Structures are given as C-alpha cells and as structure tokens.
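Asker: Below you will find the structure I want to go over with you.
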Amino acid sequence: MGIDIADRKRTDEALRKSEEHFRRLTEQSPVPIAISNERGEIEYVNEQFVRTFGYTRDDIPNIDAWFVLAYPDPEYRREVQERWERSVETAIRSHSVISPHEYRVSCKDGTIRTVEIFGSIIGAWEQVIFNDVTDRKRAEETIKESRERFKNLVEASSDWVWEVDEHGAYTYASSKVRDILGYEPEEVLGKPPFDFMPPEEAERCFSIFKEIIESQKPFSLLENINVHKNGRRVVLETSGVPFFDNTGTLKGYRGIDRDITDRKSAEETIRYQAYHDLLTGLPNRALFADLLHHEILEMHRLGKGLAVLFLDVDQFKNINDSFGHSAGDRLIRQIASELKNSIREFDTVARIGGDEFTLLLPLMNRPEDASRIADKVMQTFNKPFIIDHHEIRLTASIGISLYPEDGPDAESLLKNADIALHFAKDQGRDNYQFYNSSISHRTLERIIFENRLRQAVERGEMVVHYQPQRNIKTGKITGAEALVRWNHPDLGTLEPAQFIPLAEETGLIIEIDQWVLSTVCNQVKTWESAGHALPFVTANLSARQFQQSALAGMIGNILEKTGLMPGNLGIEITETLAMRDTELTSRNLDLLNAMGVRLLIDDFGTGYSSLSYIKKLPIHKLKIDKSFITDLAGDKDDQAITNAIVAMAHILKLKVVAEGVETKEQESLLESQNCDEMQGFLFSKPVRAEEFEKLLVSFAGRSET
823 MGIDIADRKR TDEALRKSEE HFRRLTEQSP VPIAISNERG EIEYVNEQFV
873 RTFGYTRDDI PNIDAWFVLA YPDPEYRREV QERWERSVET AIRSHSVISP
923 HEYRVSCKDG TIRTVEIFGS IIGAWEQVIF NDVTDRKRAE ETIKESRERF
973 KNLVEASSDW VWEVDEHGAY TYASSKVRDI LGYEPEEVLG KPPFDFMPPE
1023 EAERCFSIFK EIIESQKPFS LLENINVHKN GRRVVLETSG VPFFDNTGTL
1073 KGYRGIDRDI TDRKSAEETI RYQAYHDLLT GLPNRALFAD LLHHEILEMH
1123 RLGKGLAVLF LDVDQFKNIN DSFGHSAGDR LIRQIASELK NSIREFDTVA
1173 RIGGDEFTLL LPLMNRPEDA SRIADKVMQT FNKPFIIDHH EIRLTASIGI
1223 SLYPEDGPDA ESLLKNADIA LHFAKDQGRD NYQFYNSSIS HRTLERIIFE
1273 NRLRQAVERG EMVVHYQPQR NIKTGKITGA EALVRWNHPD LGTLEPAQFI
1323 PLAEETGLII EIDQWVLSTV CNQVKTWESA GHALPFVTAN LSARQFQQSA
1373 LAGMIGNILE KTGLMPGNLG IEITETLAMR DTELTSRNLD LLNAMGVRLL
1423 IDDFGTGYSS LSYIKKLPIH KLKIDKSFIT DLAGDKDDQA ITNAIVAMAH
1473 ILKLKVVAEG VETKEQESLL ESQNCDEMQG FLFSKPVRAE EFEKLLVSFA
1523 GRSET
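For the sequence shown, this note's numbering begins at 823 and goes up steadily by one.
Here it is as structure tokens:
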C-alpha cells in the first residue's frame, strides 16, 4: 500500500510538472493555441490567441460559441464546422494530427484574419493551433495582381518600374527613374542595382539579392539606399517577382522601387522626438533617465561617483504672462544653449518640461567637484537674456544629489535632486542645495502655502476662466476649456502650474477637481438657461482622479445635481494618462464614455502614443500641443507633424483642436491642413465667466453643436 501511494505521488508530481511545462510552452508560443475537453468546453487559450483574435476564454466558453463569433455568416459557419468535424474524425481514425485548413476568422474588433488551423487529439482533448497567414496571403495576392497588371502599372505607376536579367543587370527602367535617381532610363540599362548604391550598401545588398535570385522567389518591401545623380542619398523600398521562360528557367526579375526617403525621414523625426525635447533639441526626461541609468552602471564599474543637478528657472511663469509664450519659448532655447556651454563635453543637460532642466555630471568624486560646475551654471544667469530687445534677468534654483551617497539608481537620484531643489526654493531661490537626509522638502514656507491651498476652495479664492474654441472654417464657437486660477490674497492670481503640482502631491487635487467640475457644470447650465447655445465645456482632470474608483460616480452626481446633460461636459486627459493601460484608468474612461461625457486627449504629440491603442480608446477629439503650433509658420517639421496628426485623427474619425494659436498665419496653415478647431490668444485668452458670456452674446447664433 505504501509503495502504491508513493508511486501515485510520483505520478502526480510528474503530471504536475508536465502540465506546468506545457503551460509555459504554450504561453511563450508565438502562435495562438486553444484546448477543448471532451464536452466541447474551451479549457485554455494562450495570450497570443487573445492578442490575435481579441477573444478571451470568457468570450468563448465552448466550441459552439467560438464558431458563432469567429464565423458569423451562417452558411460559411456550417461549411467550416463540417470540414473541421471531418478533419477531426479522420485524425481519430488514422491516429494522426488534424490536417491543416485555411479559414477566414472574424476577430473581436471586426477585422478578418486568414488562419491556417490544425491540431492534435490528446485523449478526449483537442489541441488546436492557429497559424495566422493573413499577411502571407495578402502578399501572394498582391504579387499575383502585380503580374496581371504589369503593363498598366508601368504607365500609371508613380514608382520606378524595372526589369533585370538573370545576372541582375537592368534590361528595362521606366521613366520614373529620372525623378527618383536623376538618371535617364537608358543610363541604367546594362548595369546592376549595386552601381547606384554607396559601397557599404552595395556590399550588404549584394548578398541579399544573390540569395533572392538563387531562391527564385518573389520579395517585397526590401529597403535599400541609393545615390541620386546629384549626390544625395535616396531610400528605396524594392519589391519584385521572378519571371521564367517556357522551360521554367529563370530569366530575371520584374518589380518596382518606391521612394520612401520622406517617410524614413519622418520616422527618424518621430524617433528623435520620442527622446528629445522639441523646443530645445535637448534630451527629454525619458532619454535622461536612460542615460543616467547607464552612467550609474559605468561609474559603479569604475568605482567613481556622479552628480545629478535638478534646475528650475525661478518665476518663469511671469515671463510667459508678460511677453507671451512665444517669447518664453525663445528664452528657454537661450537658457538651454547657455547651460550646454557651461558644462563639460561629456556631461549631459536635458529639459524635462516647462522651465525645468536636469544635468548629469559623471566622474564626480567629491561634493566640491559638483559645486564647481553648479557655480558655473549659476553664473550663466548673472548676465541678462535678450528677448525682443528686452533685457530679462533671471535666477535659478538647483538641487543636487550624488551617487552613490544619495541613491543607488536613477529614480532615487532624480527624486532626491528634486527634493533638494525644493529646499533651494524654500531658502529664497537663486541658490543651489545638496540633498541630505536631514533636509525636508516641506519647509515652513511650503507648509504655510499648503495650508493656505487647503483653505482656498472654502474661502472662495479659486476661480474658473474659460478659453473659447472656434471652428477654423466657420469661425463659430464650438466650446471652451475651463482653466482654474487661484486668487491668492498675497501672491495675486496664480496659474495652475504654481499650485496644481503641490495639490497633486498632497492629494488636495481631488477636492479642487471636484470644485472645478461643479463650478463648470453650474455655469454651463446657467448659460443654457439664459439661452446661450454652447456645445460643451471641457475641464482638466489630474491623473490621480483616474485612479479613484468613484470618479464616474462623482461626475454623475455633479451632472445630476446641476441638471447638465453629460454631452455638454468634456474631460481632457493627457496623452501619457491615455496610454496608461491600468485597470482603473481604462474602466473610468469607459464609464465616462458610456455616460455620454466627451473625452479629449490634451497635448497630443508630446507623449508616447501607440496608434493601435489610441484607436481603441473612447476618445472624441485630439488637441495638438502648442509646442507644434508656436513655430508652425516657419518650421516644415512642425507643419508635417500637424498635418500627419490631423490626417491620422480624421482616419480615426476624431476631430482635432489646435492649441496655442496666436497668429493668422498659424490659423491659415491649420485651415489648409483641414484642422477642425483652434484655441489660443488669436481669438481670446482665458477669461472670467462674465467676459465669456459677452463673447457668447456677441457670437449669438454662430455657436455650433
């Protein structure tokens, strides 16, 4: 008996390990896999199955449910079921695998995938493997159609159509080669493609084309660099198919070359923008953190230290208020240039947003080493900056953290440098401070400020301003953005950047956001009752709000109390927040959309959007960040980016609002790009409710829904 139990335990353990091994294999599999039991119930689908088709195990509890969802057309479903059942019966009788067949599968998002489905019978269980051949089938169909339409394409195509013999020498080139490479067709005949490539590219492509010719197979979308007759480099995307004589002997290839130089340049621009600040060209926060991480590893290897400087330009908001954002941006560029000149060649300066910069100083063995560079940085602010013939004198506050004393990693070093920066500000600004464990970023002045902020809503010190949005083509008012201000009794009117970060840090943002929403809803309802037609007003919510499970309920209660229809309220979320694939954020967005509240992505273009993810979001509008608008008139890159954003949004059936429009030239360019709406000082700055109502009155009959 004891032996039987021991054997059984060993068997059970072996079975458990086998199942665990099997599950690991299936989860790591690059192809979709599903398993059903003898009752036809789906026991398991792997992650690749969910990614490919969109269906989870909850969507398809059994095989019948799978057939209904995957093959919605009843006639085709019957055909598939019959073919599948025959394949299973054959596999059972022959003790073999389920033969592969191709099927058209309807995915959860409505797309159709061509899938090769096969599997095996394991006892009473079916293991089914899905090989997605959609792209392969599409390529085969494209090649087939290309052969049939070859003569017509030669005449009609804007691409360069060519033919080479079995040795790879051109025997035909369409006239488009003149536009793409600058050569007349007869100039390329008899020469191989490699004669028009840089030496290193010719060497790379020679082996690739040699393999292609030897395989005698079609190829597509092969990128290669050519040299224009005038010397500039051109990126081509080459596709081709082989052709044979009557005996089946390869005679050569026919194909097309597409000039993708502009597209590749745009892709490089996007990659660059993902890791650089667009205004200054400096590394952004993401790149700085990455550089800091790698530098920490290097300093650890060398047994050396480094310093992180966190710099904030004091009272920079006053510059924007006094001279405008365009002047403020030019000033930021000057500051960036001065900072680069003040550091060593191997140091790094980055702009992480607004008027904040970080500096990475490797090979810092003592605090005194960091002090010397910090002194040099501070000296750059001793002389005035010149903007529009005005002398502007600035100061800066700097916080310094040291590796390894103040933290072992990038996150802790940046955090502690930030704490030291706040301490420097608490010390009166225009100084630098080193982090140490005894200093607190909650100095007495900060605590007083925080306490005053806690009382601001109760004392009626908060006020909402409204900045109108207009249809670019018609000039009609399409809505407004609500922007909170703090009428501080001592400091005057404070903009959000001067108190919202503290509110977010302390949690006061929850109360402030609720007050803003209530105020906006009451105000819009008041305008509505007075007969003013206004489609909707948007409010900004902090990221912390979207981590509150009661967010949708809170907004629903406000709408109910004020009597405002959900469609008259819009919520703006940042691009970064939209890309946070967290359960609460996604749930809150879905709930708000279901309620009828409109959702907008603010500052679009400054984050790390995935288009495949954005199209799944319940978004109604995109707002182009003003950083792309400021230099729109004179910056071709900005024009290309805004044009691409508008085109992409319209494909996704989203409207586009351009922020920060300050000139007629900007407005005209945006109109030519079919941008829908604009917001900015060109029409109106943010104004109080009573001033905004005057705008509504003056534009009576011109607002639109």
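Note that CB positions come from ideal geometry on N, CA and C, so glycine has one too. Values in this document were obtained by computation on a predicted structure and should not be read as measured data.
With DSSP collapsed to three states, give me the class of Tyr1075.
Answerer: Reduced to three states, the DSSP call for Tyr1075 is strand.
Asker: Take every Cβ of the stretch 1036-1048, pair it with every Cβ of the stretch 936-947, and state whether three or more of those distances are shorter than 8 Å.
Answerer: Touching, no, given that fewer than three Cβ pairs across the two stretches are closer than 8 Å.
Asker: Helix, strand or coil: how does DSSP classify Gln1345 here?
Answerer: Helix at Gln1345.
Asker: Quick one: give me the first and last residue of the alpha helix (DSSP H) that Arg1107 is part of.
Answerer: Per DSSP, Arg1107 belongs to the alpha helix (DSSP H) from 1107-1124.
Asker: Return the first residue and the last residue of the beta strand (DSSP E) that His1211 is part of.
Answerer: From DSSP, His1211 is part of no beta strand (DSSP E); its letter is neither H nor E.
Asker: Looking only at its chain, what residues have a beta carbon closer than 8 Å to the beta carbon of Gly1004, apart from the 5 residues adjacent to it on each side?
Answerer: So the list reads His1050, Lys1051, Asn1052, once near-sequence residues are dropped.
Asker: Which first and last residues belong to the alpha helix (DSSP H) in which Gly1378 is found?
Answerer: That run of the alpha helix (DSSP H) goes 1373-1384.
Asker: Please report how far the alpha carbon of Phe871 lies from the alpha carbon of Ala856, in whole angstroms.
Answerer: So the alpha carbons of these two residues sit roughly 7 Å apart.
Asker: Work out the CA separation of His1244 and His1263 for me, nearest whole Å.
Answerer: Because His1263 sits at a pLDDT of 46, beneath the cut-off of 50, its placement in the model cannot be relied upon, and the following sentence gives the value as read from the coordinates. When rounded, the distance between both Cα atoms is 6 Å.
Asker: Note the first and the last residue of the continuous beta strand (DSSP E) segment covering Ala1355.
Answerer: First-last for Ala1355: undefined, no H or E at that position.
Asker: What residues in its chain sit with their C-beta under 7 Å from that of Ser1449, if we drop five residues either side in the sequence?
Answerer: The residues are Leu1100, Leu1101, Thr1428.
Asker: Would you mind working out which of Lys998, Ile1141, Trp947 sits nearest Phe862, comparing C-alpha positions?
Answerer: The sequence given here places Gly at residue 862; Phe does not occur at that position. Of the listed residues, the one whose Cα sits closest to Gly862 is Trp947.
Asker: Here's a check: name, in chain order, each residue in its chain whose Cβ is nearer than 7 Å to the Cβ of Asn1253, leaving out the five neighbours to either side.
Answerer: For Asn1253, where only same-chain residues beyond five positions count, the Cβ hits under 7 Å are Ser1219, Ala1246.
Asker: Can you give me the C-alpha to C-alpha distance between Ile1118 and Ile1322, rounded to a whole angstrom?
Answerer: Distance between the alpha carbons of Ile1118 and Ile1322: 32 Å.
Asker: Measuring only the C-alpha atoms, how far is Leu1517 from Gln1501?
Answerer: For Leu1517 and Gln1501, the distance between alpha carbons rounds to 14 Å.
Asker: Could you check whether the stretch 1061-1077 touches the stretch 1021-1039, counting it as contact only if at least three pairs of C-beta atoms, one from each stretch, sit closer than 8 Å?
Answerer: Counting Cβ pairs under 8 Å, three or more are found: they touch.
Asker: Count the other CB atoms, across all protein chains shown, that sit within 10 Å of the CB of Gln1137; report buried if there are 16 or more and exposed otherwise.
Answerer: The residue in question, Gln1137, is exposed, as its Cβ has fewer than 16 Cβ neighbours within 10 Å.
Asker: Who are His1098's beta bridge partners in DSSP?
Answerer: Note: His1098 sits in a beta bridge opposite Pro1105.
Asker: Restricting to Cα atoms, I'd like to know which of Asn1187, Ile1332, Thr1170, His1122 is closest to Ala1372.
Answerer: Ranking Asn1187, Ile1332, Thr1170, His1122 by Cα distance to Ala1372 puts Ile1332 first.
Asker: For Leu1316, which residues in the same chain have their Cβ closer than 6 Å to its Cβ, ignoring the five residues on either side in sequence?
Answerer: Correct list, in chain order: Trp1308, His1310.
Asker: Among the residues of its own chain, which have a CB less than 8 Å from the CB of Val1478, if the five just before and after it don't count?
Answerer: Taken in chain order, the residues that qualify are Lys1443, Leu1444, Lys1445, Ile1446, Ile1467, Val1468, Ala1471, His1472, Cys1497, Asp1498, Glu1499.
Asker: Take Leu1454 as the anchor and find which of Gly1297, Leu1476, Pro1440, Glu1487 has the nearest alpha-carbon.
Answerer: Checking every option, the nearest Cα to that of Leu1454 belongs to Glu1487.
Asker: Which of the three DSSP states is assigned to Val1419 in this structure?
Answerer: Val1419 falls in the coil class under three-state DSSP.
Asker: How is Pro1184 classed by DSSP in three states: helix, strand or coil?
Answerer: Strand, per DSSP.
Asker: Identify the continuous alpha helix (DSSP H) that holds Val1063 and give its terminal residues.
Answerer: Unbroken run through Val1063 is the beta strand (DSSP E), 1055-1066; no alpha helix (DSSP H).
Asker: Residue range of the alpha helix (DSSP H) that Gln1461 falls in?
Answerer: First-last of the alpha helix (DSSP H) with Gln1461: 1458-1473.
Asker: Span of the beta strand (DSSP E) holding Tyr810?
Answerer: Summary: the structure shown does not reach residue 810, with the chain confined to residues 823 through 1527, and so no result is reported for it.
Asker: So, for Ser1525: in the same chain, excluding its five sequence neighbours on each side, which residues have a beta-carbon less than 8 Å away from its beta-carbon?
Answerer: Summary for Ser1525: the model assigns pLDDT 48, below 50, so the residue's position carries little reliability, and this model does not support an answer.
Asker: Have a look at Ile1377 and Gly1392 and give me their C-alpha separation to the nearest angstrom.
Answerer: Cα to Cα, the separation comes out at about 11 Å.
Asker: For Met1186, collect the residues of the same chain with a Cβ closer than 7 Å to its Cβ; drop the 5 residues on either side in sequence, then sort them by chain order.
Answerer: Counting only Cβ-Cβ distances below 7 Å, and skipping sequence neighbours, we find Gly1127, Leu1128, Ala1129, Ala1192, Leu1224.
Asker: Can you tell me whether Ala1158 sits near the ligand COA, meaning its C-beta is under 6 Å from at least one heavy atom of the ligand?
Answerer: Inclusion of the ligand COA in the displayed structure is not the case, the ligand content being empty and no account of it being possible.
Asker: Within 10 angstroms of the Cβ of Gly1125, are there 16 or more other Cβ atoms? Answer buried if so, exposed if not.
Answerer: Exposed, since its Cβ has fewer than 16 Cβ neighbours within 10 Å.
Asker: Tell me where the beta strand (DSSP E) around Ile812 begins and ends.
Answerer: A question about residue 812 goes unanswered here, because the residues of the chain that appear run from 823 up to 1527.
Asker: Given Ala1511, which residues of its chain have a CB within under 6 Å of its CB, disregarding the five upstream and five downstream residues?
Answerer: So the qualifying residues of the chain are Gln1345.
Asker: Identify every run of the alpha helix (DSSP H) within the stretch 883-908, keeping only runs that are complete inside it and at least 4 residues long; order them along the chain.
Answerer: With a minimum length of 4 residues, the continuous alpha helix (DSSP H) runs that stay inside the stretch 883-908 are 885-892.
Asker: Counting only runs of 3+ residues fully inside the stretch 953-1032, write out the beta strand (DSSP E) ranges in chain order.
Answerer: With a minimum length of 3 residues, the continuous beta strand (DSSP E) runs that stay inside the stretch 953-1032 are 982-987, 992-995.
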